[in-house]
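Top line first, the protein sequences correspond to chains H and Z.
So for the first sequence, numbering that gives the first Met the number 0 puts the first residue at 0; every next one is plus one.
So for the second sequence, numbering that gives the first Met the number 0 puts the first residue at 0; every next one is plus one.
Backbone N, C-alpha and C define an ideal beta-carbon position, used for all residues, glycine too.
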Amino acid sequence: MNWINAIVQGILLGGLYALFAAGLSLIFGVMRLVNIAHGDLIVLAAYLGLSTTIMLGVHPLLAMLVVIPLMALGGYVLQRGVLNHTLGDDLLPPLLVTFGLSVIIQNALLEGYTADPQKMSAGALETASLPLGDLSIGVLPLLTFAIAVLVIGGLHWMFYHTALGRAFRAVSDNQDIAQLMGLNRRHIFGLAMALSLAITAVAGILLGVRTNFDPSIGGARLIFGFEAVIIGGLGNLWGTLVGGVILGVAQTIGAQINPGWQLLAGHITFLFILAVRPRGLFPRMTG
Amino acid sequence: MPDTLLSTHQLCAFYGDFQALYDLDISVAAGEVVAIIGANGAGKTTLLRSIAGLCENESQQVQYRGMSIGAQRADQIAFNGIALVPEGRQLFPSLSVEENLIIGGQTKRHGPWNLQSVYQLFPILQERRQMPSTQLSGGQQQMVAIGRALMANPDLILFDEISLGLAPVIIKTIYEALPGIIGEGLSAMIVEQDISKALSVSSRFYCLQEGRSALAGDSQTVAREDISKAYFGVD
Ligand SMILES: Nc1ncnc2c1ncn2[C@@H]1O[C@H](COP(=O)(O)OP(=O)(O)O)[C@@H](O)[C@H]1O
Ligand SMILES: [Mg+2]
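Here's what the structure looks like:
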């Protein structure tokens, strides 16, 4: 029973990891930018959620209505103001700049909120659970997973059925030719980063409701997201969800064997899949 | 002489330290078809890319409808009504045939061209509209590239070697479609390696040689030996 429980918890945890990964994957797909600050932006969103709940006295899930537009706007400005200037044939400048951004965010959060662990309270939602046979499934993890499926499904739909998604794919294929179509790539990149950070806002708040957070935990979230993307296969959104689930299950099974093995089991699974399938489980067919 | 639609003024273009175009003066009148010929590496593609905004130039070096557009970005130039059919077709592999056409109409300029009229021009594309553009034959891909440019309802369309790498029968089909494309007041610049093709569809021509204009004149009356001289740079 414990094992089945571990697997179910792992699957649900995978939803959160898929949310970490989706924004990362979107940015890499559209502009080949690896955003080292992604994890810290998730933590930033959690803190913004915390401040919103305190200042407005609202439930963390409602705080999303404030934090999502805030992060999206910040993403657009960040992209147009800073990151666009680093993009080019050389992959190194954007890596260095987002690494710098990561350090800046961490230090700003330390200044603003201290190093003390924080948590957002979701009230009764935190302890609510549904019985499933002999198992008891937490409503919050279930909700997180459902949101992850919705976000990834929505992203997929946007990518393949809207003008914006078409523009994302076109710019990703060939920036010059996309410009000839009247698409300003700087604006499109700004929109992609806005969308990425909107998802980050969702992920950050769900993270902050689920566990304690402090300014230093961004790096590990970046790695989880990164591993989920690679396991699922670059450029495949549903693959990213599967990647998140595999990582989550590996971690909970590891923890079931020995509580200290949670993270290690996740990393080993990642390395194993990378060794066997270097392009991930479901690499995108074209390109 | 009808109004000049586009003109270049001592246009220079560079790839890093390498200068590809030297002081080029070229003009296209409204409704006119101009051919650009020249050997491989003469600078034809660079000229079209400069006009379309993909190469950086100084603002006043390209004049279009009284505006200096040399320093505009390609997307701004697209909105102003210049479309490029790029060398090697360069369709978007992630987009279906129809999506490639639709994205060509992104600028939402008004005019005769829309999905229906492009499908009328190239009926095979309608049959293949859901396919990834990568699954089409070279000739069909070229039709998509032309259709994609037309979807912008441009005032000036730039063709870069549309017959390159295609079977003669396909080239014939595409060139037979050209009068229907250029007929209605559209201006065009046509780059071709095949000199007689280029001359037959144009009224004037420029022959480039190593980034300079070596010869210009009337497409119908020019003597072939003059072209050969300008083309190969032999005296
Ligand atoms: N991306 C590039 N980088 C450096 N040099 C280039 C590039 N593209 C073209 N060139 C050079 O510029 C010159 C003109 O090229 P191009 O305009 O493509 O000629 P054409 O289309 O007439 O064959 C050639 O000498 C070519 O080698
Ligand atoms: Mg060329």
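Inset, instruction - Tell whether a beta-carbon distance below 8 Å holds between ALA151 of chain Z and GLY182 of chain Z. - result: No, the Cβ-Cβ distance between ALA151 of chain Z and GLY182 of chain Z is not below 8 Å.
Legend entry - Residue list, Cβ distance to ligand 2 heavy atoms smaller than 7 Å: My final list is Z:LYS43, Z:THR44, Z:GLU86, Z:ASP159, Z:GLU160 and Z:VAL190.
Legend entry - As assigned by DSSP and simplified to three states, the class of THR97 of chain H: Residue state for THR97 of chain H is assigned as helix, using DSSP reduced to three classes.
Legend entry - Rounded separation between VAL7 of chain H and ARG283 of chain H - CA only: Separation of VAL7 of chain H and ARG283 of chain H (C-alpha to C-alpha, rounded to the nearest whole angstrom) is 28 Å.
Inset, instruction - Would you give the residue range spanned by the alpha helix (DSSP H) that GLY152 of chain H belongs to? - result: Start and end: 138-160.
Inset, instruction - For LEU182 of chain H, return the contacting residues in chain Z, with the cut-off set at a CB-CB distance below 7 Å. - result: Within chain Z, the C-beta atoms nearer than 7 Å to that of LEU182 of chain H come from ASP74 and GLN105, in chain order.
Legend entry - Partners in chain H for ILE102 of chain Z, counting only beta-carbon separations shorter than 7 Å: Residues of chain H passing the Cβ test: ARG165, ALA169 and MET180.
Legend entry - Under 9 Å (Cβ pairs) to chain C, residues found in the stretch 177-191 of chain Z: Absence of chain C from the displayed structure is noted, the protein chains being H and Z.
Inset, instruction - If I'm right that LEU47 of chain H touches LEU61 of chain H with Cβ under 8 Å, what's the distance once you round it to whole angstroms? - result: Here LEU47 of chain H is actually not in contact with LEU61 of chain H; their C-beta atoms are around 13 Å apart, not less than 8 Å.
Inset, instruction - May I have the straight-line CA-CA distance separating SER201 of chain Z from VAL32 of chain Z, to the nearest angstrom? - result: Taking the straight line joining both Cα atoms gives about 5 Å.
Legend entry - Own chain partners of GLY137 of chain Z with C-beta closer than 7 Å, once the 5 adjacent residues on each side are dropped: Non-local C-beta neighbours of GLY137 of chain Z in its own chain, meaning closer than 7 Å and more than five positions away in sequence, comprise GLY164 and LEU165, ordered along the chain.
Inset, instruction - Compare the C-alpha of ASN183 of chain H against each of Z:THR3, Z:GLN105 and Z:TRP112 and name the closest. - result: For the set Z:THR3, Z:GLN105 and Z:TRP112, the Cα lying nearest the Cα of ASN183 of chain H is the one of Z:GLN105.
Inset, instruction - Label PHE27 of chain H either buried or exposed according to how many other C-beta atoms from any shown protein chain fall within 10 Å of its C-beta, with 16 as the threshold for buried. - result: Its Cβ being crowded by 16 or more others within 10 Å, PHE27 of chain H is buried.
Legend entry - Opening and closing residue of the beta strand (DSSP E) in which THR239 of chain H lies: Counting along the chain, THR239 of chain H falls outside any beta strand (DSSP E), though it belongs to the alpha helix (DSSP H) covering 236-256.
Legend entry - Cβ-heavy atom distance, GLY243 of chain H to ligand 1, below 7 Å: When distances are taken from the beta-carbon of GLY243 of chain H to the heavy atoms of ligand 1, even the shortest one reaches 7 Å or more.
Inset, instruction - Determine whether the Cβ of ASP175 of chain H lies closer than 8 Å to any Cβ atom of chain Z. - result: Proximity of ASP175 of chain H to chain Z, defined by a Cβ-Cβ separation below 8 Å, is satisfied.
Legend entry - C-beta neighbour in chain H for SER93 of chain Z, strict 8 Å: Answer yes: the Cβ-Cβ gap between SER93 of chain Z and chain H drops below 8 Å somewhere.
Legend entry - ILE76 of chain Z (DSSP reduced to helix, strand or coil): Secondary structure of ILE76 of chain Z (DSSP, three-state): helix.
Legend entry - Sequence-distant residues of the same chain with beta carbon closer than 7 Å to ALA12 of chain Z, five excluded per side: The residues are ALA19, LEU20, THR45, SER49, CYS54 and ASN56.
Legend entry - Neighbour-count burial assignment, GLY286 of chain H, 16 or more Cβ in a 10 Å radius: Residue placement at GLY286 of chain H is poorly supported in this model, since its pLDDT is 36, which falls under 50; the coordinates still yield a value, given next. Under this definition GLY286 of chain H is an exposed residue.
Legend entry - Interface residues of chain Z facing ASP172 of chain H [CB-CB closer than 8 Å]: By Cβ distance, chain Z contributes PHE91, PRO92, SER93 and LEU94.
Legend entry - ILE6 of chain H, DSSP secondary structure in three states: The answer is helix: DSSP assigns ILE6 of chain H an H, G or I state.
Inset, instruction - Examine ligand 1 and report whether any of its heavy atoms sits within less than 7 Å of the Cβ of ASN39 of chain Z. - result: Yes - ligand 1 has a heavy atom lying nearer than 7 Å to the Cβ of ASN39 of chain Z.
Legend entry - Member of Z:GLY87, Z:VAL61, Z:SER58 and Z:GLY15 whose CA lies at the smallest distance from the CA of ILE176 of chain H: Comparing Cα positions, the closest option is Z:GLY87.
Legend entry - DSSP bridge partner residues for GLN105 of chain H (one or two, in chain order): DSSP, once it has assigned bridges, lists no residue as partnering GLN105 of chain H.
Inset, instruction - For chain H, find out if any of its Cβ atoms is closer than 8 Å to the Cβ of PRO85 of chain Z; answer yes or no. - result: Yes, PRO85 of chain Z counts as interfacial toward chain H.
Inset, instruction - Could you check what DSSP says for MET188 of chain Z in three-state terms: helix, strand or coil? - result: It is a strand residue.
Inset, instruction - For ALA51 of chain Z, decide whether its Cβ has a neighbour in chain H, counting only Cβ atoms nearer than 8 Å. - result: When Cβ-Cβ separations below 8 Å define contact, ALA51 of chain Z makes contact with chain H.
Inset, instruction - Spell out whether any CB of chain H is found under 8 Å from the CB atom of ALA77 of chain Z. - result: Yes, because at least one Cβ of chain H sits closer than 8 Å to the Cβ of ALA77 of chain Z.
Legend entry - Cβ of GLU55 of chain Z within 8 Å of any chain H Cβ: No, GLU55 of chain Z lies away from the interface with chain H (no Cβ there is under 8 Å from its Cβ).
Inset, instruction - Take ASN211 of chain H as the anchor and find which of H:GLY9, H:TRP2, H:VAL42 and H:LEU236 has the nearest alpha-carbon. - result: Nearest C-alpha to ASN211 of chain H: H:VAL42.
Legend entry - Residues bridged to ILE156 of chain Z [DSSP beta-bridge criterion]: Looking at the DSSP assignment, ILE156 of chain Z forms a beta bridge with Z:ALA82 and Z:ALA187.
Inset, instruction - Can you tell me which of the three DSSP states GLN18 of chain Z falls into? - result: In the three-state reduction of the DSSP assignment, GLN18 of chain Z falls in the strand class, which pools E and B.
Inset, instruction - Please classify ARG252 of chain Z: does DSSP put it in a helix, a strand, or coil? - result: Outside the displayed range of chain Z (0 to 234) lies residue 252 of chain Z, so it cannot be described from this structure.
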